[in-house]
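Asks:
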(Lines of atoms letter the chains of each structure in order from A and count residues from 1; the text may use other names and numbers.)
(Lines give C-alpha, C1' and ligand atoms only; values in the text may rest on other atoms or scores of the structure.)
Protein backbone atom coordinates (compact mmCIF):
# COMPACT_ATOMS: atom_id res chain seq x y z
CA UNK A 1 0.00 0.00 0.00
CA UNK A 2 1.46 3.32 -1.05
CA UNK A 3 2.04 5.55 1.92
CA UNK A 4 1.64 2.73 4.44
CA UNK A 5 4.35 0.19 3.67
CA UNK A 6 7.90 0.69 4.88
CA UNK A 7 8.90 0.04 1.27
CA UNK A 8 7.76 3.63 0.72
CA UNK A 9 9.51 5.36 3.67
CA UNK A 10 8.91 9.01 2.74
CA UNK A 11 5.11 8.90 2.30
CA UNK A 12 4.89 6.60 5.33
CA UNK A 13 6.96 9.03 7.46
CA UNK A 14 4.98 12.11 6.38
CA UNK A 15 1.69 10.25 6.83
CA UNK A 16 2.60 9.12 10.35
CA UNK A 17 3.78 12.64 11.23
CA UNK A 18 0.52 14.04 9.86
CA UNK A 19 -1.42 11.53 11.98
CA UNK A 20 0.49 12.48 15.12
CA UNK A 21 0.11 16.24 14.69
CA UNK A 22 -3.54 16.01 13.61
CA UNK A 23 -4.17 13.82 16.65
CA UNK A 24 -2.98 16.65 18.92
CA UNK A 25 -5.00 19.23 16.98
CA UNK A 26 -8.16 17.13 17.38
CA UNK A 27 -7.54 16.96 21.14
CA UNK A 28 -6.98 20.73 21.48
CA UNK A 29 -10.65 21.56 22.34
CA UNK A 30 -10.69 19.18 25.34
CA UNK A 31 -10.12 21.98 27.94
CA UNK A 32 -13.03 23.91 26.39
CA UNK A 33 -15.42 20.99 26.66
CA UNK A 34 -14.19 20.07 30.13
CA UNK A 35 -15.16 23.60 31.19
CA UNK A 36 -18.56 23.13 29.50
CA UNK A 37 -19.03 19.88 31.45
CA UNK A 38 -17.89 21.42 34.75
CA UNK A 39 -20.08 24.53 34.44
CA UNK A 40 -22.95 22.67 32.76
CA UNK A 41 -23.12 25.47 30.19
CA UNK A 42 -21.74 26.11 26.69
CA UNK A 43 -21.17 29.78 27.62
CA UNK A 44 -21.89 31.04 24.12
CA UNK A 45 -19.54 28.65 22.28
CA UNK A 46 -20.61 27.85 18.72
CA UNK A 47 -21.12 24.31 17.44
CA UNK A 48 -20.46 25.04 13.75
CA UNK A 49 -16.65 24.39 13.82
CA UNK A 50 -17.21 20.92 15.28
CA UNK A 51 -20.01 20.03 12.86
CA UNK A 52 -17.83 21.19 9.96
CA UNK A 53 -14.85 19.21 11.27
CA UNK A 54 -17.03 16.10 11.50
CA UNK A 55 -18.17 16.55 7.89
CA UNK A 56 -14.56 16.99 6.77
CA UNK A 57 -13.56 13.72 8.46
CA UNK A 58 -16.47 11.87 6.86
CA UNK A 59 -15.59 13.26 3.44
CA UNK A 60 -11.91 12.27 3.64
CA UNK A 61 -12.75 8.78 4.90
CA UNK A 62 -15.08 8.29 1.95
CA UNK A 63 -12.39 9.61 -0.42
CA UNK A 64 -9.78 7.26 1.05
CA UNK A 65 -12.06 4.24 0.62
CA UNK A 66 -12.90 5.17 -2.97
CA UNK A 67 -9.26 5.80 -3.88
CA UNK A 68 -8.00 2.73 -1.91
CA UNK A 69 -4.47 2.33 -0.53
CA UNK A 70 -4.89 5.40 1.72
CA UNK A 71 -4.95 3.82 5.16
CA UNK A 72 -3.19 6.73 6.89
CA UNK A 73 -5.97 9.06 5.77
CA UNK A 74 -8.53 6.62 7.17
CA UNK A 75 -6.85 6.21 10.58
CA UNK A 76 -6.63 9.91 11.52
CA UNK A 77 -10.02 10.86 10.10
CA UNK A 78 -11.67 7.94 11.88
CA UNK A 79 -10.25 9.24 15.14
CA UNK A 80 -11.42 12.74 14.18
CA UNK A 81 -14.91 11.46 13.47
CA UNK A 82 -14.99 9.79 16.89
CA UNK A 83 -13.72 12.79 18.89
CA UNK A 84 -15.85 15.36 17.03
CA UNK A 85 -18.94 13.23 17.69
CA UNK A 86 -18.11 13.36 21.40
CA UNK A 87 -17.69 17.16 21.27
CA UNK A 88 -21.04 17.61 19.51
CA UNK A 89 -22.78 15.27 21.97
CA UNK A 90 -21.47 17.25 24.94
CA UNK A 91 -22.53 20.47 23.25
CA UNK A 92 -26.07 19.17 22.69
CA UNK A 93 -26.36 18.11 26.34
CA UNK A 94 -25.42 21.48 27.84
CA UNK A 95 -26.39 24.02 25.15
CA UNK A 96 -29.52 26.17 25.60
CA UNK A 97 -32.56 25.15 23.60
CA UNK A 98 -32.10 27.65 20.75
CA UNK A 99 -28.41 26.78 20.25
CA UNK A 100 -29.21 23.06 20.47
CA UNK A 101 -31.84 23.31 17.74
CA UNK A 102 -29.45 25.28 15.51
CA UNK A 103 -26.72 22.67 16.05
CA UNK A 104 -29.08 19.85 15.10
CA UNK A 105 -30.21 21.72 11.99
CA UNK A 106 -26.62 22.31 10.81
CA UNK A 107 -25.71 18.70 11.60
CA UNK A 108 -28.63 17.29 9.60
CA UNK A 109 -28.06 19.69 6.69
CA UNK A 110 -24.31 19.13 6.38
CA UNK A 111 -23.42 15.77 7.90
CA UNK A 112 -26.53 13.91 6.77
CA UNK A 113 -28.13 15.55 3.72
CA UNK A 114 -25.02 17.02 2.04
CA UNK A 115 -22.87 13.95 2.70
CA UNK A 116 -25.59 11.57 1.46
CA UNK A 117 -26.00 13.70 -1.69
CA UNK A 118 -22.25 13.53 -2.39
CA UNK A 119 -22.20 9.75 -1.91
CA UNK A 120 -25.22 9.22 -4.17
CA UNK A 121 -23.90 11.60 -6.84
CA UNK A 122 -20.46 10.01 -7.02
CA UNK A 123 -21.79 6.43 -6.88
CA UNK A 124 -24.61 6.79 -9.39
CA UNK A 125 -23.21 9.26 -11.90
CA UNK A 126 -19.46 8.60 -11.97
CA UNK A 127 -17.40 5.43 -12.24
CA UNK A 128 -13.76 4.38 -11.84
CA UNK A 129 -11.13 7.09 -12.01
CA UNK A 130 -13.76 9.75 -12.76
CA UNK A 131 -15.34 9.06 -9.38
CA UNK A 132 -12.01 9.58 -7.62
CA UNK A 133 -11.40 12.81 -9.58
CA UNK A 134 -14.81 14.32 -8.81
CA UNK A 135 -14.66 13.32 -5.16
CA UNK A 136 -11.11 14.61 -4.89
CA UNK A 137 -12.08 18.06 -6.19
CA UNK A 138 -15.04 18.13 -3.79
CA UNK A 139 -12.62 17.45 -0.94
CA UNK A 140 -10.26 20.15 -2.21
CA UNK A 141 -13.06 22.73 -2.47
CA UNK A 142 -14.37 22.01 1.00
CA UNK A 143 -10.89 21.91 2.55
CA UNK A 144 -10.02 25.29 1.02
CA UNK A 145 -13.19 26.68 2.61
CA UNK A 146 -12.12 25.27 5.97
CA UNK A 147 -8.56 26.60 5.65
CA UNK A 148 -9.95 30.02 4.66
CA UNK A 149 -11.82 30.24 7.97
CA UNK A 150 -8.76 31.77 9.75
CA UNK A 151 -9.21 34.86 7.57
CA UNK A 152 -11.79 36.11 10.07
CA UNK A 153 -9.30 35.63 12.91
CA UNK A 154 -6.54 37.37 10.95
CA UNK A 155 -8.87 40.31 10.25
CA UNK A 156 -9.77 40.50 13.96
CA UNK A 157 -6.10 40.50 15.00
CA UNK A 158 -5.29 43.33 12.57
CA UNK A 159 -8.33 45.36 13.63
CA UNK A 160 -7.78 44.99 17.39
CA UNK A 161 -3.97 44.78 17.24
CA UNK A 162 -4.24 41.92 19.74
CA UNK A 163 -3.45 38.19 19.48
CA UNK A 164 -5.78 37.34 22.35
CA UNK A 165 -8.10 35.52 19.95
CA UNK A 166 -5.34 33.60 18.09
CA UNK A 167 -3.37 31.09 20.20
CA UNK A 168 0.17 30.72 18.83
CA UNK A 169 0.55 27.00 19.46
CA UNK A 170 -2.66 26.15 17.62
CA UNK A 171 -1.45 28.10 14.57
CA UNK A 172 1.96 26.44 14.90
CA UNK A 173 0.61 22.88 14.98
CA UNK A 174 -1.85 23.56 12.17
CA UNK A 175 1.08 24.77 10.05
CA UNK A 176 3.09 21.65 10.87
CA UNK A 177 0.06 19.53 10.03
CA UNK A 178 -0.26 21.23 6.64
CA UNK A 179 3.44 20.60 5.93
CA UNK A 180 3.17 16.93 6.90
CA UNK A 181 0.07 16.25 4.82
CA UNK A 182 1.49 18.17 1.86
CA UNK A 183 4.54 15.92 2.02
CA UNK A 184 2.29 12.87 2.18
CA UNK A 185 0.33 14.05 -0.85
CA UNK A 186 3.53 14.91 -2.72
CA UNK A 187 5.14 11.52 -2.27
CA UNK A 188 1.92 9.59 -2.91
CA UNK A 189 1.29 11.82 -5.95
CA UNK A 190 -2.11 12.81 -4.58
CA UNK A 191 -2.83 16.34 -5.79
CA UNK A 192 -6.10 16.48 -3.86
CA UNK A 193 -4.19 16.19 -0.57
CA UNK A 194 -1.43 18.57 -1.71
CA UNK A 195 -3.50 21.58 -2.85
CA UNK A 196 -5.50 22.47 0.28
CA UNK A 197 -2.46 22.03 2.51
CA UNK A 198 -0.50 24.60 0.48
CA UNK A 199 -3.17 27.11 1.46
CA UNK A 200 -3.19 25.81 5.04
CA UNK A 201 0.58 26.35 5.23
CA UNK A 202 0.34 29.93 3.91
CA UNK A 203 -2.44 30.86 6.36
CA UNK A 204 -0.52 29.26 9.21
CA UNK A 205 2.61 31.27 8.41
CA UNK A 206 0.52 34.46 8.16
CA UNK A 207 -0.99 33.83 11.59
CA UNK A 208 2.39 33.23 13.23
CA UNK A 209 3.83 36.40 11.65
CA UNK A 210 0.89 38.41 12.98
CA UNK A 211 1.44 36.87 16.40
CA UNK A 212 5.07 38.04 16.37
CA UNK A 213 4.02 41.55 15.29
CA UNK A 214 1.19 42.03 17.80
CA UNK A 215 2.21 39.74 20.70
CA UNK A 216 3.13 42.69 22.98
CA UNK A 217 -0.12 44.54 22.27
CA UNK A 218 -2.56 42.71 24.50
CA UNK A 219 -5.11 45.43 25.11
CA UNK A 220 -8.13 45.31 22.83
CA UNK A 221 -9.45 48.78 22.00
CA UNK A 222 -13.23 48.88 21.98
CA UNK A 223 -15.16 52.06 21.31
CA UNK A 224 -17.83 52.77 23.97
CA UNK A 225 -21.30 52.27 22.60
CA UNK A 226 -23.36 52.75 25.78
CA UNK A 227 -24.84 55.94 27.26
CA UNK A 228 -22.55 58.09 29.40
CA UNK A 229 -24.48 57.50 32.64
CA UNK A 230 -24.05 53.74 32.22
CA UNK A 231 -20.31 54.23 31.73
CA UNK A 232 -20.25 56.27 34.93
CA UNK A 233 -22.01 53.46 36.81
CA UNK A 234 -19.54 50.93 35.38
CA UNK A 235 -16.65 53.19 36.38
CA UNK A 236 -18.08 53.48 39.88
CA UNK A 237 -18.46 49.70 40.16
CA UNK A 238 -14.81 49.16 39.23
CA UNK A 239 -13.44 51.82 41.62
CA UNK A 240 -11.63 50.38 44.68
CA UNK A 241 -13.50 50.67 47.99
CA UNK A 242 -10.83 52.87 49.53
CA UNK A 243 -11.16 55.37 46.68
CA UNK A 244 -14.92 55.34 47.01
CA UNK A 245 -14.63 56.04 50.74
CA UNK A 246 -12.30 58.98 50.14
CA UNK A 247 -14.67 60.32 47.51
CA UNK A 248 -17.63 60.03 49.87
CA UNK A 249 -15.77 61.82 52.67
CA UNK A 250 -14.73 64.62 50.30
CA UNK A 251 -18.32 65.02 49.14
CA UNK A 252 -19.50 65.15 52.77
CA UNK A 253 -16.91 67.80 53.62
CA UNK A 254 -17.88 69.88 50.60
CA UNK A 255 -21.56 69.55 51.50
CA UNK A 256 -20.87 70.59 55.10
CA UNK A 257 -18.76 73.54 53.97
CA UNK A 258 -21.54 74.64 51.63
CA UNK A 259 -24.07 74.36 54.43
CA UNK A 260 -21.78 76.37 56.76
CA UNK A 261 -21.24 78.93 54.01
CA UNK A 262 -24.97 79.19 53.46
CA UNK A 263 -25.42 79.63 57.24
CA UNK A 264 -22.88 82.46 57.34
CA UNK A 265 -24.47 84.13 54.33
CA UNK A 266 -27.89 83.80 55.87
CA UNK A 267 -26.53 85.24 59.15
CA UNK A 268 -24.97 88.16 57.30
CA UNK A 269 -28.25 88.81 55.54
CA UNK A 270 -30.20 88.72 58.80
CA UNK A 271 -27.64 90.93 60.55
CA UNK A 272 -27.75 93.44 57.74
CA UNK A 273 -31.48 93.55 58.07
CA UNK A 274 -31.09 94.15 61.81
CA UNK A 275 -28.26 96.66 61.35
CA UNK A 276 -25.65 94.41 63.05
CA UNK A 277 -22.08 94.18 61.72
CA UNK A 278 -20.53 90.71 61.59
CA UNK A 279 -16.85 90.07 60.89
CA UNK A 280 -15.95 86.85 59.18
CA UNK A 281 -13.63 84.65 61.24
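Residue numbers (the working numbering): 27 to 307. Don't be surprised by glycine CBs; every beta carbon is placed ideally from N, CA and C. Small disclaimer: the values here were computed from a predicted structure and weren't measured.
Which runs of the alpha helix (DSSP H) fall wholly inside the segment 166-216 and span at least 4 residues, in chain order?
Replies: The qualifying runs are 176-186, 194-213.
Asks: Just reading off the alpha helix (DSSP H) that residue 110 is part of, what are its end residues?
Replies: Segment 97-120, the alpha helix (DSSP H) holding residue 110.
Asks: Leaving out the 5 sequence neighbours to the left and right, which residues in its chain are closer than 6 Å to residue 36 when beta-carbon positions are compared?
Replies: Same-chain partners within the cutoff: 213.
Asks: Report the rounded CA-to-CA distance for residue 34 versus residue 98, giving the unit in angstroms.
Replies: Taking the straight line joining both Cα atoms gives about 13 Å.
Asks: Could you check what DSSP says for residue 58 in three-state terms: helix, strand or coil?
Replies: If DSSP states are grouped into helix, strand and coil, residue 58 belongs with the helices.
Asks: Classify residue 162 as helix, strand or coil using the three-state DSSP reduction.
Replies: Residue state, collapsed to three classes: helix.
Asks: Going by CA-CA distance only, name the one from 131, 114, 142, 129 that's closest to residue 85.
Replies: It is 142.
Asks: Does the beta carbon of residue 102 fall short of 6 Å from some heavy atom of the ligand SAH?
Replies: Only the bare structure without any ligand can be found here, which leaves the ligand SAH out of the picture.
Asks: Can at least three beta-carbon pairs, one atom from the segment 122-138 and one from the segment 74-81, be found at a separation below 8 Å?
Replies: Contact holds: three or more Cβ-Cβ distances are below 8 Å.
Asks: Around the C-beta of residue 233, are 16 or more other C-beta atoms found within 10 angstroms, so that it is buried, or is it exposed?
Replies: That one is buried.
Asks: Alpha carbon to alpha carbon, how far is residue 59 from residue 120?
Replies: Whole-angstrom Cα-Cα distance: 10 Å.
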